[in-house]
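Engineer: Structure provided below as C-alpha cells; questions to follow.
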C-alpha cells in the first residue's frame, strides 16, 4: 500500500479529506501529546490541546508552505495551544507565568534519600528544571529537532537555542551535584 | 593553541554535541565535530554525558501515558461542527460523510461505537485505497454501489469492518470473496466499510471468520 507523506496528507486535508486527517492524527498524536503533556502537566488539558492542535491543522492545512517539516509545524501549533492554556491558568491565578517559572531545587535531596539509580536521578532532576529548560531539552533530545527547528517552534534566534540548551544542561548538572551525583561537567 | 583558545574552541564544539548525538547537524558541522572529537578525548567524555542525558529524556517521554480516544473523538466532533468548506473534494464526499455520521450516531450500540473509535486511526490510511473494490461485484456476483448512491440493493445481512493498514488489496478481495461478502458502502468516516453478505448468511459467523484474519481485518461486527 502506498504510504502518503505528511505533505501529501496536508494537501488532501486542505481539500477536506477526512481520512487523510485521521492518518495524520494517528501518525503524530503521540508526539504532540507528549510534548503538550510535558508542558501543561495535566492529562485532560493535554488531550484537549491535542485536539485543538489538529483542529487548527484541519483549518489551516492549505496555509502550510512546506518550508519546514510537518512535525515542526505541528509542534509550533501545539506550543501555542499550551501557552494559551497556561496563560489562562495564570490569569485565573492557578499558575505562575510559564516563562518566569524557575527550577525547583527544594526537593533535590530526595534524589539522595531515595537512593535512585543515576538514570532515575537524571530524570527526576530534569523534572525540576524550569519549563523553558525542560522544553528545549525535550525538543532536542526527544523530538530530535535541529537548531533551526527549535528556533522556529519556540520563536527564538538560533544562537539563543544553543545558549538556552547549554544553560538547561548546566542547571541539570548543578541539580545533580546537589543531589550527590557529580558527572564532572561542566 | 593556548588553554584559552582551546577552551573556546571546545566550547563551540560542545554546544553542537546534543545535535551531533541526535544526528541533526548539517554535514559541515558534523565533520567539524568529528574532527574535534578525534583530537580531544575530553570531548568524547562530554559526548557520553550528552548521550546519557538524551537516553533519560527519551525514557521520561516514553513513560508518559498514551492518548485516549477522547482527543480523537473531540477532534472529529469539532470538525463535524465546522462550517462546510467550499472545497471541491469535500463537496464530492459530503453526502457520504454526513450519512455515515448520522448512521453511526443513530444506530450503533455503545460497544460498537467505542470499538470503532479504537480502530479508527489505524484504518484511516486503508480507506484511501480500498474504494477501488467497490463496484467489482458483490456477494454472489451481485451489484455494489458506493455509499453516495445509497443503501446497497439486496436482502443479505451487513457487517461493519475495518482492514489492517498493511493488508494488500488483492488479499482483501480474496478474503471477501471466500466469505461471500462484498463491499456495499465505504470508505466511511473513520475508514469503516459496510459489507453485504449473501441472503441468509450468518452475519456473526462471517464476522468471526473475518476477525480470525487479524493481518487483514482489524475489526468486524454485524451491523446493527
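Residue numbers (this note's numbering), protein chains in the order written: chain A, 5 to 190; chain B, 5 to 228.
Glycine residues also receive a C-beta, built at the ideal position from the N, C-alpha and C atoms.
What are the residues in the stretch 49-74 of chain B lying within 9 Å of chain A by C-beta distance?
Structural biologist: 49, 50, 53, 54, 56, 57, 58, 59, 60, 61, 62, 63, 64, 65, 66, 67, 68, 69, 70, 71, 72 and 74
Engineer: Could you spell out where the beta strand (DSSP E) holding residue 225 (chain B) opens and where it closes?
Structural biologist: Position 221 of the second chain, counting from 1, holds the residue named residue 225 (chain B). 221-226 is the span of the beta strand (DSSP E), which, as asked, contains residue 225 (chain B).
Engineer: State the DSSP-derived secondary structure class of residue 32 (chain B), mapped to helix, strand or coil.
Structural biologist: Looking up residue 32 (chain B) in the second chain gives position 28. Reduced to three states, the DSSP call for residue 32 (chain B) is helix.
Engineer: Are three or more beta carbon pairs between the stretch 164-173 of chain A and the stretch 35-52 of chain B nearer than 8 Å?
Structural biologist: no
Engineer: With three or more C-beta pairs closer than 8 Å as the rule, is the stretch 34-41 of chain A touching the stretch 123-135 of chain A?
Structural biologist: no
Engineer: Quick check on the burial criterion: 16 or more other C-beta atoms within 10 angstroms. Buried or exposed for residue 111 (chain B)?
Structural biologist: Reading the second chain from its first residue, position 107 is the one you call residue 111 (chain B). Its pLDDT being 42, under 50, residue 111 (chain B) is placed unreliably in this model, and the coordinates cannot settle the point.
Engineer: Check the Cβ of residue 262 (chain B) against every Cβ in chain A and list those closer than 7 Å, keeping chain order.
Structural biologist: As displayed, chain B neither begins before 5 nor continues past 228, which places residue 262 (chain B) out of reach and without an answer.
Engineer: Which residues mark the beginning and the end of the beta strand (DSSP E) in which residue 165 (chain B) is found?
Structural biologist: Counting from 1 along the second chain, the entry for residue 165 (chain B) is found at position 161. Residues 162-167.
Engineer: Considering Cα atoms alone, identify which of A:84, A:121 and A:45 is closest to residue 61 (chain A).
Structural biologist: Here the question's residue 61 (chain A) lines up with position 57 in the first chain. Taking only the C-alpha atoms, the option nearest residue 61 (chain A) is A:84.
Engineer: Check for me: the alpha helix (DSSP H) holding residue 66 (chain A) runs from which residue to which?
Structural biologist: Your numbering for residue 66 (chain A) matches position 62 in the first chain. Premise fails: residue 66 (chain A) is in no alpha helix (DSSP H) and is neither H nor E.
Engineer: Count the CB pairs spanning the stretch 42-56 of chain A and the stretch 60-75 of chain B that are closer than 8 Å, and state whether there are at least three.
Structural biologist: yes
Engineer: Rounded to a whole number of angstroms, what is the C-alpha to C-alpha distance between residue 208 (chain B) and residue 27 (chain A)?
Structural biologist: Within the second chain, numbered from 1, the residue matching residue 208 (chain B) stands at position 204. Within the first chain, numbered from 1, the residue matching residue 27 (chain A) stands at position 23. Approximately 29 Å, taken between the alpha carbons.
Engineer: Should residue 179 (chain B) be flagged as near chain A, meaning a C-beta pair shorter than 7 Å?
Structural biologist: Counting from one through the second chain, the residue named residue 179 (chain B) turns up at place 175. The Cβ of residue 179 (chain B) sits no closer than 7 Å to any Cβ of chain A.
Engineer: Helix, strand or coil, according to DSSP, for residue 198 (chain B) in the structure here?
Structural biologist: Indexing the second chain from 1 puts residue 198 (chain B) at position 194. Residue 198 (chain B) falls in the strand class under three-state DSSP.
Engineer: I think residue 79 (chain A) touches residue 147 (chain A), with their Cβ atoms under 8 Å apart; what is that distance to the nearest whole Å?
Structural biologist: Translated into positions along the first chain, residue 79 (chain A) becomes position 75. Translated into positions along the first chain, residue 147 (chain A) becomes position 143. Yes, they are in contact, since the Cβ atoms of residue 79 (chain A) and residue 147 (chain A) sit about 7 Å apart, within 8 Å.
Engineer: Are any of the Cβ atoms in chain A nearer than 7 Å to that of residue 45 (chain B)?
Structural biologist: Here the question's residue 45 (chain B) lines up with position 41 in the second chain. Taking CB atoms only, residue 45 (chain B) has no neighbour in chain A less than 7 Å away.
Engineer: Do we get a CB-CB distance below 7 Å when we pair residue 94 (chain B) with the residues of chain A?
Structural biologist: Translated into positions along the second chain, residue 94 (chain B) becomes position 90. Any answer about residue 94 (chain B) is weak, because its pLDDT of 40 lies below 50 and its placement is not dependable; what the coordinates show is given next. For residue 94 (chain B), the answer is yes, since a Cβ of chain A falls inside 7 Å of its Cβ.
Engineer: Under 7 Å, Cβ to Cβ, is there at least one residue of chain B near residue 51 (chain A)?
Structural biologist: For the purposes of this step, residue 51 (chain A) is taken as the residue at position 47 of the first chain. Chain B, which has a Cβ nearer than 7 Å to the Cβ of residue 51 (chain A), makes this yes.
Engineer: If we cut at 7 Å on Cβ distances, does residue 200 (chain B) have a partner in chain A?
Structural biologist: Taking the second chain and counting its residues from 1, the one referred to as residue 200 (chain B) is at position 196. Not an interface residue.
Engineer: Name, please, each residue of chain B whose Cβ falls closer than 9 Å to the Cβ of residue 142 (chain A).
Structural biologist: Here residue 142 (chain A) refers to the residue found at position 138 of the first chain. Chain B residues near residue 142 (chain A): 61, 64 and 65.
Engineer: Helix, strand or coil, according to DSSP, for residue 24 (chain A) in the structure here?
Structural biologist: The residue you call residue 24 (chain A) lines up with position 20 of the first chain. The answer is helix: DSSP assigns residue 24 (chain A) an H, G or I state.
Engineer: Can you tell me whether residue 59 (chain B) is helix, strand or coil according to DSSP?
Structural biologist: Taking the first residue of the second chain as position 1, residue 59 (chain B) is located at position 55. In this structure, residue 59 (chain B) counts as helix in the three-state DSSP scheme.
Engineer: Residues of chain A with a CB under 8 Å from the CB of residue 78 (chain B): which are they?
Structural biologist: Taking the second chain and counting its residues from 1, the one referred to as residue 78 (chain B) is at position 74. Under the 8 Å cutoff, chain A gives 51, 52 and 55.
Engineer: Report the residues of the stretch 65-86 of chain A with a CB closer than 7 Å to any CB of chain B, ordered along the chain.
Structural biologist: none
Engineer: Express the C-alpha separation of residue 163 (chain B) and residue 226 (chain B) in angstroms, rounding to a whole number.
Structural biologist: By one-based count along the second chain, residue 226 (chain B) stands at place 222. By one-based count along the second chain, residue 163 (chain B) stands at place 159. Rounded to the nearest angstrom, the two C-alpha atoms are 4 Å apart.
Engineer: Below 8 Å on the Cβ atoms is my guess for residue 139 (chain A) versus residue 151 (chain A); work out the distance and round it to an integer in Å.
Structural biologist: Taking the first chain and counting its residues from 1, the one referred to as residue 139 (chain A) is at position 135. Taking the first chain and counting its residues from 1, the one referred to as residue 151 (chain A) is at position 147. No, residue 139 (chain A) and residue 151 (chain A) are not in contact; Cβ-Cβ is about 15 Å, not under 8 Å.
Engineer: Looking at residue 81 (chain A): is its Cβ nearer than 7 Å to the Cβ of residue 48 (chain A)?
Structural biologist: Counted from its first residue, the first chain places residue 81 (chain A) at position 77. Counted from its first residue, the first chain places residue 48 (chain A) at position 44. No; because the gap between Cβ atoms is not below 7 Å, this pair is not in contact.
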